[in-house]
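Asker:
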DNA sequence: TAATAAAGAGCCGTATAATGCACTTTAAAC
DNA sequence: GTTTAAAGTGCATTATACGGCTCTTTATTA
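Chains as they are written, first to last, in our numbering: chain A, 61 to 132; chain B, 61 to 132.
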């Protein structure tokens, strides 16, 4: 299972803020190795990992009702 | 770390659809034990677990920019 | 009260996420 | 080309999520 949209949102946000993986890892308390894996699309992170990253990046995780009208 | 909003969204959505934990577990491919733990606020689910549940419930995981204006 | 259904919890083996460390690759600056 | 910073990867260890099984708790309904 892969999570491209999520990953790309995080990565794009980090880059927009001009933060390195190393800095984000430190700020968020997530291990650098874990962040690297996540951003390179490997693995299956836990919610707390995502949450920590999102927090520092000023993002929040939400669940919205999927629009099924005319979905593929 | 706890994830009340996420949990409650999932739970509320499941109940709105009148699906039991058992049925949702089957439909989503998530173990019943895992779902029970998640809904009762224990543990730290992986992204794939959340994704599977969200899929079946017609929800999608998104990251939105937090509104910091006048935040607590 | 008894029966039933749904949810919660303990035990526990297996799979894998999280992490550190060292090394490699990429890309930009000079 | 060389230097340097950032990103990606292999390996190994530890922590923990996943999931089945069983039992308990909590409604609900007859």
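Glycine residues also receive a C-beta, built at the ideal position from the N, C-alpha and C atoms.
Since the structure is predicted, the reported quantities are computational estimates derived from the model, not experimental observations.
Counting pairs of Cβ atoms below 8 Å between the stretch 93-109 of chain A and the stretch 80-88 of chain B, do you hit three or more?
Answerer: They do not touch, by the three-pair rule.
Asker: Spatial neighbours of residue 103/B within its chain, please: C-beta separation below 6 Å, excluding the five flanking residues on both sides.
Answerer: Excluding positions up to five away in sequence, the list reads 97.
Asker: Three-state secondary structure (DSSP) at residue 129/A?
Answerer: Three-state result, residue 129/A: coil.
Asker: Applying a beta-carbon distance threshold of less than 9 Å, which residues of chain A neighbour residue 114/B?
Answerer: Those are 123 and 126, listed as they occur along chain A.
Asker: Is residue 129/A buried or exposed, if buried means 16 or more other CB atoms sit within 10 Å of its CB?
Answerer: With fewer than 16 other Cβ atoms within 10 Å, it is exposed.
Asker: What are the start and end residues of the alpha helix (DSSP H) that includes residue 106/A?
Answerer: Neither: residue 106/A is in no alpha helix (DSSP H) and is coded neither H nor E.
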